[in-house]
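*Asks:* For the sequence shown, my numbering begins at 9 and goes up steadily by one. Beta carbons are placed, not taken as given, at the ideal position from N, Cα and C, and that holds for glycine.
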Amino acid sequence: MRKQNFIYGAVCVMAAAGTLCLAPGILNGMGKGEKQISSKTVQTADALTSETREQVETTMANTYESLGMKKVSDTVVVTADALRYRSAPDTSADNVKGTISGGTRLERIYEGNGWSVVKTGGGEYYVSSSYVKKADGSQNQADAQSQNASENKKESQAQTKESAGGPGGSAGSEGGETPAVQEIGLDGSLPYAGFSKINSGKAVLYKSTAQNRKNKTIAVNAGHGTSGGSSVKTQCHPDGSPKVTGGTTASGAVMAVAVSGGMTFADGTAEAKVTLQMAKILKDRLLAEGYDVLMLRDGDDVQLDNVARSVLANRYADCHISLHWDSTSNDKGCFYMSVPNNTSYRAMEPVASHWQDHNRLGEALVGGLRDAGNKIFSGGSMEMDLTQTSYSTVPSVDIELGDKGSSHSDAVLNQLADGLVMGVNRFFGQ
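See below:
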């Protein structure tokens, strides 16, 4: 992430002992040895008069609001195993100030744009809103009616997901338990999010309830399935350079179809329907194996283009697996789209920093598919310049599970799922 030339929420005021500069995490830490305050600037909390403290609080409020946050007053519970708290609302490693254990209750004072300001560690800090939820009984009075309506809607959606689950008829994991489910939209401030053109949809994060949780999240991308996606174009590469291979978009093009419609199997079934069926089977298998799963498409239509899907995977997952079938008709077998051996392409960021991981993930998946008895095409890979890998900062691969001449029966899809899970385990050393 490009470093900003300012400090989020930094505040400077005139105090009795001189100029005092504060940032989120400071205000409530006075007199407690906060390292962020220079001893040459202020020695004790006495430097803050009540008038000065009020001035600081007002300035901090203005800062939060300038970041698009709104004032709230509620209690939230940490839903992650461990949640980082930060001095700025971004994911830079150098603003992490500590971690909060799962289940901890926190007072939240501001919320917006995917971030919450909470009181912890002797001050006010930013945490990701994706990993906190309102504590039971904690609710802003003004939001009561809309909150109840939202909960009713979520309950209805959860019931719909359960009835539409993969084999076994449930979206749950081992033992018939239903995993925690959370919808996640695209935060426009995330790296590369600005290149997305279709991003009003939501991905769905499923938390595993298996005893052997891996603490890894797999982004499962059911290829295609975005209504109107073929009539919109996005930039092929973040730097504006042209494509170096052919494919759905020709070599030399600088703009690509945002989401193609996909092919049609020999029996008349749309590829998008089969990729979704495959994704649901794989989701259930991964949850049972102890992995959390980010479903980048969890229904027939999701309004997230290929850039948006990659950006969400970058932010919320440890790897990104996009499921496809090829457009040939000879039942060619499985292979992955490898990063082209092209000097300029491999020198372009974020490809330069991640292409080896992309290929390593592809090799692991093909190895798992082979071990599970699935047919493998040629050497198991084909070089292709894809939007997905051009914008990915986590190990990411397009895996082709056959072509339009291949069977997509339940038995075949389950055998493919066996191999993909074996490949994921191999990649993460499980």
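1) Using 8 Å as the threshold, is the region 314-329 in touch with the region 389-397, meaning 3 or more CB pairs across them?
2) Under a three-way DSSP split, which group does threonine 128 fall into?
3) In angstroms, rounded to a whole number, what distance separates the CA positions of glycine 276 and lysine 224?
4) For lysine 215, name the three-state secondary structure that DSSP assigns.
5) In chain order, what residues of the same chain have a beta carbon less than 7 Å from the beta carbon of valine 359, not counting five sequence neighbours either side?
6) Can you round the beta-carbon distance between isoleucine 384 and glycine 341 to whole angstroms, since I take them to be within the 8 Å contact cut?
7) Quick check on the burial criterion: 16 or more other C-beta atoms within 10 angstroms. Buried or exposed for aspartate 247?
8) Between glycine 388 and the rest of its own chain, which residues show a CB-CB distance below 6 Å, the 5 nearest in sequence each way excluded?
9) Starting from the C-beta of aspartate 195, find all residues in its chain whose C-beta is less than 8 Å away, skip the five residues before and the five after it, and write them out in chain order.
10) What residue range does the alpha helix (DSSP H) around isoleucine 289 cover?
11) Suppose you measure from the CA of methionine 345 to the CA of threonine 257; what does that come to, to the nearest Å?
12) For glycine 270 and alanine 278, which I take to be in contact (beta-carbon distance under 8 Å), what is that distance rounded to the nearest angstrom?
13) How would you label valine 402, buried or exposed, when you count the other beta carbons within 10 angstroms and need 16 or more for buried?
14) Measure how close the beta-carbons of glycine 231 and threonine 272 come, nearest whole angstrom, since I'm counting them as under 8 Å.
15) From the DSSP output, in three-state form, read off glutamate 357 for me.
16) Out of curiosity, what's the CA-to-CA distance linking glutamine 63 and glutamate 73?
17) From the DSSP output, in three-state form, read off alanine 150 for me.
18) Under the three-state reduction of DSSP, which class applies to arginine 434: helix, strand or coil?
19) Please tell me whether asparagine 207 and valine 267 are closer than 9 Å, where the distance is taken between their beta carbons.
20) Could you say which of Leu114, Asn350, Gly370, Gly298 lies nearest to isoleucine 329 if we only look at CA atoms?
21) Just to confirm, is the Cβ distance from threonine 234 to glycine 193 under 9 Å?
22) Roughly how many angstroms separate the alpha carbons of serine 361 and alanine 355, rounded to a whole number?
23) Would DSSP call tyrosine 134 helix, strand or coil?
24) Let's see if you can read the secondary structure: which residues bound the beta strand (DSSP E) around leucine 114?
25) Within 10 Å of its beta-carbon, does alanine 227 have 16 or more other beta-carbons around it, so buried, or fewer, so exposed?
26) Could you check where the alpha helix (DSSP H) with tyrosine 93 kicks off and where it finishes?
27) For valine 429, which residues of its own chain have a beta-carbon under 8 Å away from its beta-carbon, when the five flanking residues on both sides are left out?
28) To the nearest angstrom, how far is the alpha carbon of cysteine 327 from that of serine 404?
29) Taking a contact to mean a Cβ-Cβ separation below 9 Å, would you say threonine 242 touches lysine 205 in this structure?
30) Going by C-alpha distance, which of Val140, Arg92, Arg94 is nearest valine 84?
31) Can you name the start and end residues of the beta strand (DSSP E) that asparagine 229 belongs to?
32) Indicate the three-state DSSP secondary structure (helix, strand or coil) for phenylalanine 273 in the structure shown.
33) Mind checking arginine 113: buried by the 16 CB within 10 Å criterion, or exposed?
34) When you compare only the Cα positions, how much space is there between isoleucine 407 and aspartate 144?
35) What first and last residue would you give for the alpha helix (DSSP H) that runs through alanine 321?
*Replies:* Quick answer:
1) yes
2) The answer is strand: DSSP assigns threonine 128 an E or B state.
3) Our two residues, glycine 276 and lysine 224, have alpha carbons roughly 37 Å apart in a direct line.
4) In this structure, lysine 215 counts as coil in the three-state DSSP scheme.
5) Val347, Tyr353, Thr397, Ser398
6) 5 Å
7) Classification of aspartate 247: exposed, given that the 10 Å Cβ count is below 16.
8) Phe343, Val374
9) Asn121, Gly122, Ala201, Arg323
10) 279-297
11) 15 Å
12) 6 Å
13) buried
14) Rounded, the Cβ-Cβ distance is 14 Å, inconsistent with contact.
15) coil
16) 15 Å
17) Confidence at alanine 150 is low in this model, with a pLDDT of 33, below 50, so the placement of that residue should be treated as unreliable; the coordinate-derived value is given next. DSSP, reduced to helix, strand and coil, places alanine 150 within a helical segment of the structure shown.
18) Assignment of arginine 434 by DSSP, reduced to helix, strand and coil, places it in the helix class.
19) Inclusion of asparagine 207 and valine 267 in the CB contact set at 9 Å is not warranted, their separation being larger than that value.
20) Gly370
21) no
22) 8 Å
23) strand
24) 113-120
25) buried
26) Taken as a continuous stretch (DSSP letters only), tyrosine 93 belongs to no alpha helix (DSSP H), being part of the beta strand (DSSP E) at 90-94.
27) Leu290, Arg293, Leu294, Glu297, Gly376
28) 6 Å
29) yes
30) Val140
31) 225-230
32) In this structure, DSSP gives phenylalanine 273 a state outside helix and strand, which the three-state scheme calls coil.
33) exposed
34) 42 Å
35) 314-324
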